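First comes the structure, then the notes that go with it.
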Amino acid sequence: MNRSVLSVSGLSKKFGTFWANRNISLEIENGSIHAIVGENGAGKSTLTRMLYGLLSPTSGFISARGKSVRFSSPRQAIAEGIGMVHQHFMLVPELTVTENIMLGDERSHLFAPLKKRGTAETIRKIADTHALSIDPDALVSDLSVGEEQRVEILKLLYRNADILILDEPTAVLTPLETEKLFATLKSLQKEGKTVILITHKLDEAISVSDRVSVMRRGELIATEPTPSVTKADLARLMVGRDVLLRVEHPEENIGRPVLEVSNLSMNDWKGVQRLNGLSFEIRAGEIYGIAGVEGNGQSELLASLWGIADRRSVIDGSVMLDGTSIKGLHADKIAAMGVSHIPEDRLKHAVVPDFTIAENLIFGRHREKKFARTGGFNIPAIREYTDTVISEYMIRHDDRDNQKLASLSGGNQQKVVLAREIRRPDLKLLLLAQPTRGVDIGAIEMIHRQIIETRDKGIAILLVSAELDELVSLSTRIGCLYKGSLRREFTAEEVRYGRSSEKDFKKEIGLSIT
Amino acid sequence: MRAGIFKIAIPPLAVVLSLCISALLIMAAGKNPLFIYQKMFTMTLGSEYGTGQIVFRATSLVFAGLAVAIPFKLKLFNIGGEGQMLAGAFSAALAGTLLPPQTHPVLAVFFCTLSAITAGASVALLSGWLKVSFGVNEVISTIMLNFIVQACAGFLLTGNLSVPSTAHTYEIVPSAQIPQFDTVFGIWQKSPANFSTLFALAACFGLWFLVFKTIPGYEMRAAGLHPEAARYAGIDTNFHILKAMGIGGAMAGLAAANLVLGYKHYYESGLTDGIGFMGIAVALLAFAHPVWIIGSAMLFGFLQYGGLSVNAYVPKDIFLMVQAVTILMILILTKFLHRN
Ligand SMILES: Nc1ncnc2c1ncn2[C@@H]1O[C@H](COP(=O)(O)OP(=O)(O)O)[C@@H](O)[C@H]1O
Ligand SMILES: [Mg+2]
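Chains as they are written, first to last, in the working numbering: chain Z, 971 to 1484; chain E, 95 to 434.
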């Protein structure tokens, strides 16, 4: 049973002079769920792409079931029963689920009609056995991201793959969908299949895997049976130093109410109710956490507070900032009143990748007087500000004046956004969405510390997060958003008490959001 | 950084390549390419009149190029330069005939130019409005408006606005005519080059400053590069779309002013002669950069007039081909650069 089904020895991959993978040796046991964890850029995807024949190794060997293999294309890997779900899906949106799964493996003769009916039945059967609920006749363009992922998995099962490689499958999933995916993986394991799960989230690796390997800077640092390691062990191996998984939470110093939302409702342009009578207030110096499964009104709440809600939607109720109504104002006006917004998808919504660092550091703040001069921008003032931010936040760069933001590393791009929004003059309120999504574990620590620091400067913070861990460790109070209404609010005392028995507290929150 | 250097090398490389190809074509026509090229140079840059012709043509092309380049900063493809020019030409000519002859020249030129700008900008704004209000693709709407404007102009012309038994309008009053360099400075003798050229240069540098140095320009570039993020930053993308289309149309109107107020002094059918479409190529060759457009318009002006000047030896269409091949080369080389 514990025979290794896939083994790798001395595997290396060099891009130019850069070792993306270096001397990796690894045994994957038959029928196991094997997690590979590592920070962004550690080389996880490179390793899996070599296993799947998408990249050819610079040196080293791969063997499948004791037989030495050398794939030059995924087709050969599939023939050996190895299948992979990529970080980015490869489906044709105009075709149905069945058609997509059949694509490239039609099993009928040239010019003979496709056996769609039969195939759809087969797919339905496979899907039912493994809790992969999906309609085989649906168009892929109508599917959610989670459903698309299920189609990718079904594609592999339909091709009889028995070693499944999943590269960061949970990055695009909501917590509920993640749970479903893990149930599927367990069920596949029962059927004797082997799963290689790439992730950078330690909780996930610990909850689902049998064995776990850690990668750092292209090297495989360790492989351990999962029950014998803790989250802190893995974090240390991954980052290369001790990591504080829980931020210090000094007593808050709470002041006047800054944001007062009462009876906020929103109907979208189709008339569907998205927000339903929300009322809450956030005071200076406190963090108000919004818990909830994605799609329960979080984005609508943020959009209406930030003045960028769809113009066709109808918003009722009142939103007051320091006693002045900001309902119906545009984002530029709201920002000018001392509000910052750090959206969830920073690359898509908070920066212009083709702009320089400096141009991005003033993005959304470009109307401020100190950056302007008659006719144009005050270049010296912008330079000075850029220099201060770069040194204060240690933004690693090559060329201050000409380098495009896109060429900075992900972490440094995040810092640009954070610095810009937190340093907004006369900041009163910070709207913060998923501040650590897609962020490395080493950087999470720094971001959490900065959020607490910002809070302690007397700024009111609205924190929307899908990570209960994060909410519990940062928030002063927590509101539970479910189907557009606040179903429950935990007071400061409740949250403080909850932090001392975290597991139960998270369960309690969980009950209010599902 | 390296990619930047290659990018600058693309246009010259494309020009050289297409000149080589045209040399082959000239040979195929049974002529010696070196002889033709030499003739071409002496008849254009080698003569005052020829230089003036190039300057005149380049002026229209600069405006037509800006008409494409500015909307392109918002990722909008303004294919309607031709129609916007037509509208501008027609209304400039109309305004020029309606003005009382004793109007002060500065006032007359200003008024006629303004009417060209307004007409060009209105046509472009119509496309912009269709885009922001109904999401109509600007490529389609600008193309369709080309036909509509052309039909309207033709209808009005054949109505009662033309001089009987001709296909052009009455001449504009002398005070509305933009003076030619020949009459004022005595340079570029007899050529139609006129003071519009100075407007063109001013427009290039002015728009360069607007786009790259001012706050509205910054917002405009952000809205073009990343509209989603611009919305979050409180930038009104729709407003910038309208503005860019408006400026583009105004530039097309100015191209028309160069033709009508500076040269022909009336509107006739076929006046714009595809210059609006040529503007697309001019903008493309300059990577839609307002200042580089000057160089690219000069090149196209040279090829256009140069082709005409050697028409006696080889068909001028060869140089039309050179222009087209240059553009294709640029597209190919740019793609090639991005691939590597
Ligand atoms: N095709 C490539 N060419 C050059 N460098 C690459 C290429 N693919 C990946 N890399 C580099 O190799 C490193 C590891 O990347 P990757 O395997 O994607 O990391 P992970 O999946 O762990 O985040 C990164 O620094 C990345 O920039
Ligand atoms: Mg990866």
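Ideal placement from N, C-alpha and C gives every residue a C-beta, glycine not left out. The structure displayed is predicted, hence computed values, not measured ones.
For Gln1243 (chain Z), the three-state secondary structure derived from DSSP is strand. The beta carbon of Ile1312 (chain Z) sits closer than 8 Å to the beta carbons of Ala1320, Val1387, Leu1388, Glu1391, Leu1400, Leu1401, Leu1402, Ala1403 and Pro1405 from its chain, once the five residues preceding and following it are set aside; these are given in chain order. Between the segment 390–405 of chain E and the segment 135–155 of chain E, the count of Cβ pairs shorter than 8 Å is three or higher; the stretches touch. Here Gln417 (chain E) is buried. Its C-beta has 16 or more other C-beta atoms within 10 Å.
By the beta-carbon neighbour count (other beta carbons within 10 angstroms, threshold 16), Lys1318 (chain Z) is exposed. Interface annotation, Ala323 (chain E): in contact with chain Z, CB-CB separation under 7 Å. Under the Cβ criterion (8 Å, minimum of three pairs), the segment 177–193 of chain E counts as touching the segment 345–355 of chain E. Tyr312 (chain E) is a Cβ neighbour of His1336 (chain Z), given a cutoff of 7 Å.
If you draw a straight line from the Cα of Pro384 (chain E) to the Cα of His1300 (chain Z), it is about 32 Å long.
Using beta-carbon distances, Ile309 (chain E) counts as an interface residue toward chain Z, with a partner under 7 Å. Listed in chain order, the positions of the segment 223–250 of chain E with a beta carbon within less than 8 Å of a beta carbon of chain Z would be empty, since no residue qualifies.
Around the C-beta of Glu1118 (chain Z), 16 or more other C-beta atoms lie within 10 Å, and the residue is accordingly described as buried. For His1170 (chain Z) and Ser1288 (chain Z), the gap between their C-alpha atoms comes out near 41 Å. For Ser1183 (chain Z), the shortest separation between its Cβ and any heavy atom of ligand 1 does not lie below 6 Å. When Cβ pairs closer than 8 Å are counted between the two stretches, the segment 1180–1198 of chain Z is seen to touch the segment 1006–1018 of chain Z, the count reaching three or more. Judged by DSSP in its simplified three-state form, Glu1270 (chain Z) adopts helix.
A Cβ-Cβ contact shorter than 7 Å links Asn1266 (chain Z) with Tyr1452 (chain Z).
Ranked by Cα distance from Lys1160 (chain Z), the first of Z:Gly1255, Z:Gly1001 and Z:Asp1107 is Z:Gly1001.
Inclusion of Ser1015 (chain Z) in the 6 Å shell around ligand 1 follows from its C-beta lying nearer than that to a non-hydrogen atom of the ligand. The alpha-carbon separation between Leu119 (chain E) and Ala1141 (chain Z) amounts to approximately 57 Å. At least 7 Å separates the beta-carbon of Ser1183 (chain Z) from that of Ile1003 (chain Z). Around the beta carbon of Gln132 (chain E), a 10 Å sphere encloses fewer than 16 other beta carbons of the protein chains shown; the residue is thus reported as exposed. Around Lys1201 (chain Z), the same chain offers Leu1172, Asp1173, Ile1176 and Leu1215 as residues with beta carbons nearer than 8 Å, after the five sequence neighbours per side are excluded. Within the same chain, Gly144 and Ser403 come within 6 Å of Met137 (chain E) by CB-CB distance, once the 5 residues on both sides are set aside.
Listed in chain order, the alpha helix (DSSP H) elements of length 4 or more contained wholly in the segment 142–228 of chain E are 142–166, 175–192 and 199–228. Listed in chain order, the alpha helix (DSSP H) runs fully inside the segment 1333–1413 of chain Z are 1349–1362 and 1380–1392, counting runs of at least 4 residues.
Beyond the five residues adjoining it in sequence on each side, Ser1283 (chain Z) comes within less than 7 Å, by CB distance, of Met1236, Asn1237, Asp1238 and Trp1239 in the same chain, given in chain order. When secondary structure is reduced to three states using DSSP, Ile99 (chain E) falls in the helix class. 7 Å or more divides the Cβ of Ile1123 (chain Z) from the Cβ of Ile1166 (chain Z). Flagged as an interface residue toward chain E: Ile1278 (chain Z), by a C-beta distance shorter than 7 Å. With its beta carbon at least 7 Å from every one in chain E, Lys1150 (chain Z) lies outside the interface. For a Cβ distance threshold of 7 Å, nothing in chain E lies close to Pro1227 (chain Z): the least Cβ distance comes to about 25 Å.
The segment 1150–1158 of chain Z and the segment 973–993 of chain Z do not touch, with fewer than three beta-carbon pairs separated by less than 8 Å. Taking 6 Å as the cut-off, the C-beta of Asn1382 (chain Z) does not count as close to any heavy atom of ligand 1. Between Ala297 (chain E) and Ala163 (chain E), the CB-CB gap reaches or exceeds 7 Å. With a cut-off of 8 Å on Cβ pairs, the segment 1210–1225 of chain Z is in contact with the segment 1426–1434 of chain Z, counting three or more such pairs.
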